[in-house]
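For reference, the structure is listed below as structure tokens.
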Amino acid sequence: MAERPSIEWDADQAVTHLFGAHYRAMVRLASLLLHERGIAEEIVQDAYVRLHARWHKLRDPDKALAYLRVAVVNGCRSALRHRRVVDAHLAASRPPMDVPSAESGALDLLTQAAVVDAIRRLPTRQREAIVLRYYVDLSEAEIAEAMGVSRGAVKSHAARAVAALRPILERL
Amino acid sequence: MTPEETIRRALEAEASTVEVRPDALAAIRARTRRRRARGWVTWGAGLAVAAAVAVTILVLPDAPRPDPPRPAAPTAAPTPTPAAGPLLAVYYVGPRRDDALVREFHRVAPGSDAVRAALTLMFGTAPLDPDYASAWPAGTTVRGVSVAGEVVTVDLGGATAPSAIAAQQLVWTVTAASGRPGVRIGPDGEVLRRAPAVDTLAPVWLINPQQGEVVRGGRLDVHVAGFGSTARLEIVPDGGGESIRQDLTLRGGSPAQREAQLTLSLPPGRYTVTVTLAGVSDDHTVVVE
Chain H
1 MAERPSIEWD ADQAVTHLFG AHYRAMVRLA SLLLHERGIA EEIVQDAYVR
51 LHARWHKLRD PDKALAYLRV AVVNGCRSAL RHRRVVDAHL AASRPPMDVP
101 SAESGALDLL TQAAVVDAIR RLPTRQREAI VLRYYVDLSE AEIAEAMGVS
151 RGAVKSHAAR AVAALRPILE RL
Chain P
1 MTPEETIRRA LEAEASTVEV RPDALAAIRA RTRRRRARGW VTWGAGLAVA
51 AAVAVTILVL PDAPRPDPPR PAAPTAAPTP TPAAGPLLAV YYVGPRRDDA
101 LVREFHRVAP GSDAVRAALT LMFGTAPLDP DYASAWPAGT TVRGVSVAGE
151 VVTVDLGGAT APSAIAAQQL VWTVTAASGR PGVRIGPDGE VLRRAPAVDT
201 LAPVWLINPQ QGEVVRGGRL DVHVAGFGST ARLEIVPDGG GESIRQDLTL
251 RGGSPAQREA QLTLSLPPGR YTVTVTLAGV SDDHTVVVE
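Those protein sequences? They're chains H and P, same order as listed.
Read in the UniProt record's numbering, the first sequence has 65 at position 65, and its numbers run on one by one without any break.
Read in the UniProt record's numbering, the second sequence has 238 at position 238, and its numbers run on one by one without any break.
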């Protein structure tokens, strides 16, 4: 990171720098963790607002990034808990867009849609483990920190997720 | 490709379609300023909050702030048909034009064959919205449906599509119900696929609420899809009263068609909900209880 040493940043500067460096990636992470995209950006903005309040304790961009990740993962978790009833209602009343886009004719798009759909159906912790590992490319230790669980738990969530996805991946 | 590689690519591709709002940093700043105003300068807080609110309004002119998520009130089934079965997507032409497709969801009896049930609705049941219609002549009937691999063959007793859009109406309905990309009309017909969405679907859809829906609990879920980045939403109470007008930012959704979703609190009454994009409007009446 070019901006070190950053210990001199005040909270506003920290938010500005971390916004430029990570905001889009955080929104994308949140949208992969959620069943739908609508509230991803709201959750990430909450995380930045909380980071602003905490900056005087963190004072380090790496710690701040880890803090943002934890806040986003937790925010998505609690949004999903909140929304479970809504999702049940939506599933009953409004089927998802009836794509996979047959109109594209592209197998790649169908594959992508099927895999993403399967990941969205995983239990929350398994989805977190998969997304943090394969999308954010975190180490096991970093995933454990972001999820607030042990490394052993990360391993078993990820293994179960891959096992659950395997039939879909093999069909493609 | 290894399974890991497939997962990696799928996630990356999906994430790359997610865009962020251009005013996000300003929105965060407005909130952190407000916090500080409250914490540090109590005597000036009123002014600072007012300033922050003014900023929020300035930078978020088209941002309908959706209400925080909470369980939606149950909405009435859009059709009076059996309540327990699944909802199927049925395509029609509309709104007010006969060369583009719109979609409604209709409930069918549990255990129905999805393709046959969707086509029976498409041929035989009037759409909920009077601005929609079927491009097929009345009296078209389904004699049989068979599936082989990726292709669904529909026997219409020799009937053929009266127009290209009628063929697409059938193709989009059958592919939605079957999950298979190919459709043949009659055993000797050529295999048809969905034409590109942007050439086939109406520029804007009001997906939710559907025409005639009854919403309980005073909360209306609005779901809009269209080919564009913004759409105009208008909610007008029947018999006068305050209307809601706002611009919606469409994002995400399927690769072609972008979407917006929001939840609004409305006093009980009957409303006309209209979305407009590129000069085309889709409107539905809805009752809020």
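Every residue gets a Cβ at the ideal spot worked out from N, C-alpha and C, and that includes glycine.
Source: prediction; values computed, not measured.
Proximity below 8 angstroms, CB of residue i to CB of residue j
i	j	result
Val288 of chain P	Gly218 of chain P	yes
Val90 of chain P	Thr173 of chain P	yes
Val131 of chain H	Leu29 of chain H	yes
Thr263 of chain P	Asp247 of chain P	no
Val49 of chain H	Thr6 of chain P	no
Ala126 of chain P	Thr200 of chain P	no
Tyr135 of chain H	Ala13 of chain P	no
Val149 of chain H	Pro3 of chain P	no
Ile207 of chain P	Ala225 of chain P	yes
Ala202 of chain P	Ser163 of chain P	no
Tyr67 of chain H	Leu58 of chain H	yes
Gln45 of chain H	Ile28 of chain P	yes
C-alpha gap between residue i and residue j, whole angstroms
i	j	result
His17 of chain H	Ala11 of chain H	10 angstroms
Glu242 of chain P	Ala278 of chain P	25 angstroms
Val93 of chain P	Asp221 of chain P	24 angstroms
Val270 of chain P	Asp238 of chain P	It is Arg, not Val, that sits at residue 270 of chain P in the sequence shown. Cα to Cα, Arg270 of chain P sits roughly 6 angstroms from Asp238 of chain P.
residue 304 of chain P	Val108 of chain P	With chain P covering 1 to 289 only, the question about residue 304 of chain P has no answer from this structure.
Val86 of chain H	Gly75 of chain H	Here Val86 of chain H scores only 48 on pLDDT, less than 50, and its place in the model is too uncertain to base an answer on.
Arg21 of chain P	Thr140 of chain P	48 angstroms
Leu65 of chain H	Pro95 of chain P	48 angstroms
Thr272 of chain P	Val73 of chain H	39 angstroms
Leu170 of chain P	Arg251 of chain P	28 angstroms
His89 of chain H	Leu128 of chain P	At His89 of chain H, the pLDDT of 41 sits below 50, so the modelled position is not reliable and the matter cannot be decided from this model.
Glu259 of chain P	Glu19 of chain P	12 angstroms
Glu150 of chain P	Gly182 of chain P	6 angstroms
Ala106 of chain H	Pro196 of chain P	Any reading at Ala106 of chain H needs caution, since the residue's pLDDT is 41, under 50, leaving its predicted position unreliable; the model's value is listed next. Near 12 angstroms, if we compare the C-alpha coordinates of Pro196 of chain P and Ala106 of chain H.
Leu11 of chain P	Val27 of chain H	13 angstroms
Phe19 of chain H	Asp137 of chain H	20 angstroms
Trp40 of chain P	Val15 of chain H	At Trp40 of chain P the pLDDT is 43, less than 50, meaning the model places this residue with poor confidence; the figure from the coordinates comes in the next sentence. Approximately 19 angstroms, taken between the alpha carbons.
Thr276 of chain P	Ala144 of chain H	47 angstroms
Glu103 of chain H	Pro130 of chain P	Since pLDDT at Glu103 of chain H reaches only 33, below the 50 mark, its modelled position is unreliable, and the value read off the structure follows with that caveat. So the two alpha carbons sit approximately 27 angstroms from each other.
Ala21 of chain H	Trp9 of chain H	15 angstroms
Asp98 of chain P	Arg31 of chain P	48 angstroms
Ala158 of chain H	Ile165 of chain P	46 angstroms
Gly179 of chain P	Leu122 of chain H	21 angstroms
Pro167 of chain H	Arg160 of chain H	12 angstroms
Enclosing beta strand (DSSP E) for residue i [first to last residue]
i	result
Asp238 of chain P	Looking at the DSSP string, Asp238 of chain P is not in any beta strand (DSSP E), and its letter there is neither H nor E.
Tyr91 of chain P	Leu87 to Val93
Val214 of chain P	Glu213 to Val215
Arg219 of chain P	Arg219 to Gly226
In DSSP terms, what residue i is bridged to
i	result
Asn74 of chain H	None, per the DSSP bridge assignment.
Ala153 of chain H	According to DSSP, Ala153 of chain H bridges with nothing at all.
Gly144 of chain P	P:Asp155
Leu201 of chain P	P:Leu101
Arg184 of chain P	P:Thr153 and P:Val191
Arg251 of chain P	P:Glu259
Tyr271 of chain P	P:Pro237 and P:Val286
Ala135 of chain P	DSSP, once it has assigned bridges, lists no residue as partnering Ala135 of chain P.
Val280 of chain P	P:Leu277
Ile244 of chain P	P:Ile235
His106 of chain P	P:Leu88
residue 292 of chain P	Nothing can be reported for residue 292 of chain P, as the shown portion of chain P is limited to 1 through 289.
Thr230 of chain P	P:Thr249
Interface residues of chain B facing residue i [CB-CB closer than 8 angstroms]
i	result
Leu165 of chain H	In summary, chain B is missing from the structure at hand, where the protein chains are H and P.
Endpoints, the alpha helix (DSSP H) within which residue i is located
i	result
Gln13 of chain H	Ala11 to Leu33
Thr120 of chain P	Ala114 to Gly124
Leu51 of chain H	Ala40 to Leu58
Arg21 of chain P	Arg21 of chain P -> no alpha helix (DSSP H), and no H or E assigned at all.
Gln126 of chain H	Thr124 to Tyr134
Ser139 of chain H	That residue, Ser139 of chain H, is in no alpha helix (DSSP H); it is neither H nor E in DSSP.
residue 315 of chain P	Beyond the ends of chain P as shown, which are 1 and 289, falls residue 315 of chain P; an answer cannot be given.
Pick from the options that is closest to residue i, judged by C-alpha positions
i	options	result
Val147 of chain P	P:Thr141, P:Thr140 and P:Asp155	P:Asp155
Met122 of chain P	P:Glu150, P:Pro203 and P:Ala176	P:Ala176
residue 301 of chain P	P:Gly226, P:Pro267, P:Gly124 and P:Gly186	Any answer about residue 301 of chain P is impossible in this case: the structure gives chain P only from 1 up to 289.
Thr274 of chain P	P:His223, P:Ile185 and P:Gly228	P:His223
His106 of chain P	P:Asp113, P:Arg97 and P:Ala117	P:Ala117
residue 175 of chain H	P:His284, P:Arg245, P:Arg9 and P:Ala30	Here chain H comprises residues numbered 1 to 172, so residue 175 of chain H is not present and cannot be evaluated.
Ile119 of chain H	H:Leu33, H:Asp137 and H:Trp55	H:Leu33
Leu165 of chain H	H:Gln45, H:Arg127 and H:Arg81	H:Arg127
Ile185 of chain P	P:Ser178, P:Gly179 and P:Ala159	P:Ala159
Asp188 of chain P	P:Val152, P:Asn208 and P:Pro162	P:Val152
Glu41 of chain H	P:Glu104, P:Ala24, P:Ile207 and P:Arg29	P:Ala24
Val115 of chain P	P:Tyr132, P:Val102, P:Val145 and P:Pro130	P:Val145
Val236 of chain P	P:Val214, P:Gly179, P:His284 and P:Ala166	P:His284
Val102 of chain P	P:Val204, P:Val214 and P:Leu119	P:Val204
Ile39 of chain H	P:Gln261, P:Ser265 and P:Phe227	P:Gln261
Arg171 of chain H	H:Ala25, H:Gln45, H:Arg59 and H:Thr111	H:Thr111
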